[in-house]
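K.L.:
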Amino acid sequence: MNNNHLNEQHLIDACLLAGKILMKSGAETYRVEDTMMRMAASYGFNETQSFVTPTGIIFSLEGSNPSQFVRISERGTDLEKITKVNHISRSIAEGKLNANEALLALKDLEKANFAFPIWLQIVAAAIASGSFLIMFKGTWADYVPAIFVGGIGFSTFLVIHFHAKVKFFSEFSASFVIGLLGMLAVNNGWGKQLDLIVIASVMPLVPGLLITNAIRDLMAGHFVSGLSKGAEAFLTALAIGAGVAFVYSLWL
């Protein structure tokens, strides 16, 4: 294997890994394709071809061997990783990193964990639930119940998702717990407005970024990715609504 072929393979691996990290971290499809193409263009490959979907990336260099594919099995939200991939991409464009150095930096980035501690995520979700209640013109008497219900509901989501690895089941279970706790709080006189407590508490589960990315991808012409992300957002919303509706059907 000659050095040119080796460098090309390093570049392909770096582009695919950058795209994989971006997609797993919640980036838009057009951002992923643009980043990969800019990285390749920095090394003189201006006619690259890429096809990006939420579950996989196909990429090839100009005049290189057959296209290569990487599969994406998990997706989440990590804006820190998106920012760092963009920084590596800019460093490549400025000539500060060669293909091998970029690949090593991306491998280190893929292994890094920038997520906040679990306890802090739960606290943030709880406070966000209470804040949404006030934003929806709820009463301050329901502020603490919303914090309590939202925090436990989000904790349920994290626990179920860790063990089951099925996102929609986790969201259904969390919304079921939220509906149940909201119902108990109101029936025992601790809360006043059941609808606002439940709505505010499920807000941390709502796929806002996914919906936004689906619309942006559709507007950018990436119809496959836009429709698939929209379908995922719809199923997530359906799971959340079904969990609450199931509680209501039992108690009301």
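According to my numbering, the residues represented by the sequence shown are 622 to 873, in order. Think of the CB as a built atom: it goes at the ideal place given N, C-alpha and C, for glycine as much as any other residue.
Counting along the chain, where does the beta strand (DSSP E) carrying threonine 676 start and finish?
P.N.:
Element bounds for threonine 676: n/a, residue is neither H nor E.
K.L.:
With the cut-off set at 8 Å, would you say glutamine 670 and leucine 637 are in Cβ contact?
P.N.:
No, the Cβ-Cβ distance between glutamine 670 and leucine 637 is not below 8 Å.
K.L.:
Starting from the C-beta of isoleucine 768, find all residues in its chain whose C-beta is less than 7 Å away, skip the five residues before and the five after it, and write them out in chain order.
P.N.:
If we look at isoleucine 768 and ignore the five residues flanking it on each side, its Cβ neighbours are Ala747, Ile748, Ser750, Gly751.
K.L.:
Find out if the Cβ-Cβ distance for the pair alanine 854, proline 828 is shorter than 8 Å.
P.N.:
Against a cut-off of 8 Å, the Cβ pair of proline 828 and alanine 854 comes out as a contact.
K.L.:
Taking all protein chains shown into account, do 16 or more other C-beta atoms lie within 10 angstroms of the C-beta of aspartate 816, making it buried, or fewer, making it exposed?
P.N.:
Burial call: exposed.
K.L.:
List the whole-angstrom C-beta distance separating serine 849 from threonine 656, where the pair is believed to meet the contact cut-off of C-beta under 8 Å.
P.N.:
That belief does not hold up - the Cβ atoms of serine 849 and threonine 656 are roughly 20 Å apart, past 8 Å.
K.L.:
Would you kindly work out how many angstroms separate the C-alpha atoms of phenylalanine 737 and histidine 708, rounded to a whole number?
P.N.:
Straight-line Cα distance between these residues: approximately 21 Å.
K.L.:
Specify, as a first and last residue, the run of the beta strand (DSSP E) that arginine 692 falls within.
P.N.:
Run containing arginine 692: 689–692, per the beta strand (DSSP E) assignment.
K.L.:
Mapping the DSSP letters down to three states, classify glycine 803 as helix, strand or coil.
P.N.:
Correct three-state label for glycine 803: helix.
K.L.:
Could you tell me which of Lys788, Ser712, Leu805, Gln814 sits nearest to leucine 754, measuring between CA atoms?
P.N.:
Closest by alpha carbon: Gln814.
K.L.:
Near phenylalanine 867, what residues of its chain come up, given a Cβ to Cβ distance below 7 Å and the 5 sequence neighbours on each side ignored?
P.N.:
Hits under 7 Å: Phe797.
K.L.:
Which runs of the alpha helix (DSSP H) at least 4 residues long sit entirely within the stretch 767–841? Give them in chain order.
P.N.:
Here the runs fully enclosed are 788–808, 815–823, 829–840.
K.L.:
Roughly how far, in whole angstroms, is the beta-carbon of histidine 800 from the beta-carbon of valine 819, given that I think they are within contact range, below 8 Å?
P.N.:
Going by the sequence as given, residue 800 is glycine instead of histidine. About 6 Å; that satisfies the 8 Å criterion.
K.L.:
Can you check which of these residues, Trp872, Ala785, Ile713, Lys645, is closest to glycine 697 by C-alpha distance?
P.N.:
For the residues Trp872, Ala785, Ile713, Lys645, the minimum Cα distance to glycine 697 belongs to Lys645.
K.L.:
Could you tell me if isoleucine 743 is buried or exposed, where buried requires 16 or more neighbouring beta carbons within 10 angstroms of its beta carbon?
P.N.:
Looking at its Cβ environment, which holds 16 or more other Cβ atoms inside 10 Å, isoleucine 743 is buried.
K.L.:
Among the residues of its own chain, which have a CB less than 7 Å from the CB of serine 663, if the five just before and after it don't count?
P.N.:
Hits under 7 Å: Ile713, Ala714.
K.L.:
From which residue to which residue does the alpha helix (DSSP H) around aspartate 618 run?
P.N.:
Only positions 622 to 873 of the chain appear in the structure, and residue 618 is not among them; the question remains open.
K.L.:
Using the Cα positions of lysine 728 and phenylalanine 672, report the straight-line distance between them to the nearest angstrom.
P.N.:
Cα to Cα, the separation comes out at about 22 Å.
K.L.:
Measure the alpha-carbon distance for aspartate 763 versus leucine 802 and round it to whole angstroms.
P.N.:
Cα to Cα, the separation comes out at about 13 Å.
K.L.:
Determine the DSSP secondary structure at threonine 669, reduced to helix, strand or coil.
P.N.:
In this structure, threonine 669 counts as coil in the three-state DSSP scheme.
K.L.:
Leaving out the 5 sequence neighbours to the left and right, which residues in its chain are closer than 6 Å to threonine 650 when beta-carbon positions are compared?
P.N.:
Val673, Asp838, His843, Ser846.
K.L.:
If we call anything under 8 Å between Cβ atoms a contact, is leucine 741 one with valine 706?
P.N.:
Cβ atoms of leucine 741 and valine 706: not closer than 8 Å.
K.L.:
Check whether the Cβ atoms of lysine 641 and isoleucine 703 sit closer than 8 Å, and answer yes or no.
P.N.:
In this structure, isoleucine 703 does not lie closer than 8 Å to lysine 641 by Cβ.
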